[in-house]
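Heads up: the structure comes next, in structure tokens.
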Amino acid sequence: MIVVAIIVEGALTPESQARALAASGLDPRSTRSDGAVGATLRFEGIVRRDEPHPEQRGEPRALLGLEYQTYDPMAQRGLESLARAVAERHGLASIVVWHSRGRVGVGEVSFVLEISAAHRAETLAATASFIDAMKRDVPIWKSPVWA
């Protein structure tokens, strides 16, 4: 089982994800070589153009982006611990999570989760489980940057 959790400054691009993954020294695609992996699911969280505004009775208000704040040591440990627990619970071959820190603009990617397992059912269940727990338990905070 391969577990990787990475915090990246700014929006997540294919290049920033590849650099961060290479720096980890782990290759989740290596789990596919033995033929045991039958499904890989990739989820991307993208910053929407508006958010409910608390001072306007929850009415949507235009955004420029979101500002993500982390206390990196705790956030890193939280992401890794959660990824390992989800991988064990769902029998995953690999789980890789990237999360942004800092400003991410509208239409840009702030979160990526890539999960591989023997069957699609495990990847689908693990994705929902991970995202729900991450939003609840991992110390990563987002603040809207209003237009």
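154 is the number of the first residue of the sequence shown in the working numbering; add one for each residue after it.
Think of the CB as a built atom: it goes at the ideal place given N, C-alpha and C, for glycine as much as any other residue.
Values in this document were obtained by computation on a predicted structure and should not be read as measured data.
Notebook entry, point to check: Since GLY198 sits in a beta bridge, which residues does DSSP pair it with?
Noted result: Against the sequence shown, residue 198 aligns to sequence position 45. Per DSSP, PHE264.
Item checked: Which residues DSSP lists as bridging LYS295, in chain order -> Indexing the sequence shown from 1 puts residue 295 at position 142. Answer is TYR221, bridged to LYS295.
Check: How about GLY163 and GLY255: do their beta carbons lie closer than 9 Å?
Finding: The residue labelled residue 163 in the question sits at position 10 within the sequence shown. The residue labelled residue 255 in the question sits at position 102 within the sequence shown. Judged by their CB atoms, GLY163 and GLY255 are nearer to each other than the 9 Å cut-off.
Next item on the list: To the nearest angstrom, report how far apart ARG230 and PRO181 are at their CA atoms.
Entry: Working through the sequence shown from its first residue, we reach residue 230 at position 77. Working through the sequence shown from its first residue, we reach residue 181 at position 28. ARG230 and PRO181 have their C-alpha atoms some 19 Å from each other.
Checklist line | THR276 burial status per 10 Å Cβ neighbour count (16 or more: buried) | finding: To locate residue 276, count along the sequence shown from 1; it is residue 123. Taking every protein chain shown into account, the CB of THR276 has 16 or more other CB atoms within 10 angstroms, so this residue is buried.
Item checked: Whether SER296 touches SER269 by CB criterion (9 Å) -> Position 143 of the sequence shown, counting from 1, holds the residue named residue 296. Position 116 of the sequence shown, counting from 1, holds the residue named residue 269. No, these two residues do not count as a Cβ contact at 9 Å.
Checklist line | Outcome for GLY244 when other beta-carbon atoms lying within 10 angstroms are tallied against a minimum of 16 | finding: In the sequence shown, the residue the question calls residue 244 occupies position 91. When all chains shown are included, GLY244 counts as exposed.
Check: Counting along the chain, where does the beta strand (DSSP E) carrying SER253 start and finish?
Finding: Taking the sequence shown and counting its residues from 1, one reaches residue 253 at position 100. Segment 247 to 258, the beta strand (DSSP E) holding SER253.
Note to self: Comparing C-alpha positions only, which one of GLU197, ARG202, PRO207 and VAL291 sits nearest to GLY258?
What the structure shows: For this step, residue 258 is matched to residue 105 along the sequence shown. With distances taken between Cα atoms, GLY258 lies closest to ARG202.
Note to self: Using C-beta distances below 8 Å, list every residue in its chain close to VAL161, excluding the 5 sequence neighbours before and after it, in chain order.
What the structure shows: Taking the first residue of the sequence shown as 1, we reach residue 161 at position 8. SER169, GLN170, ALA173, TRP251, HIS252, SER253 and ARG254.
Checklist line | Limits of the unbroken alpha helix (DSSP H) element including GLU275 | finding: Residue mapping note: residue 275 aligns to position 122 of the sequence shown, counting from 1. Element bounds for GLU275: 273 to 290.
Margin query: Please classify THR166 as buried or exposed, where buried requires at least 16 other C-beta atoms within 10 Å of its C-beta.
Written below: Here residue 166 refers to the residue found at position 13 of the sequence shown. If you draw a 10 Å sphere on the C-beta of THR166, you find fewer than 16 other C-beta atoms in it, and that means exposed.
Notebook entry, point to check: With burial defined as no fewer than 16 other Cβ atoms inside 10 Å of the residue's Cβ, what is the status of ILE199: buried or exposed?
Noted result: The residue given as residue 199 occupies position 46 in the sequence shown. Residue burial annotation: ILE199 is exposed, with fewer than 16 other C-beta atoms found within 10 angstroms of its C-beta.
Check: In whole angstroms, what is the alpha-carbon distance linking SER238 and PRO213?
Finding: Numbered from 1 along the sequence shown, position 85 holds the residue referred to as residue 238. Numbered from 1 along the sequence shown, position 60 holds the residue referred to as residue 213. According to the sequence provided, residue 238 is Ala. The question's Ser does not apply to it. Roughly 35 Å between the two C-alpha positions.
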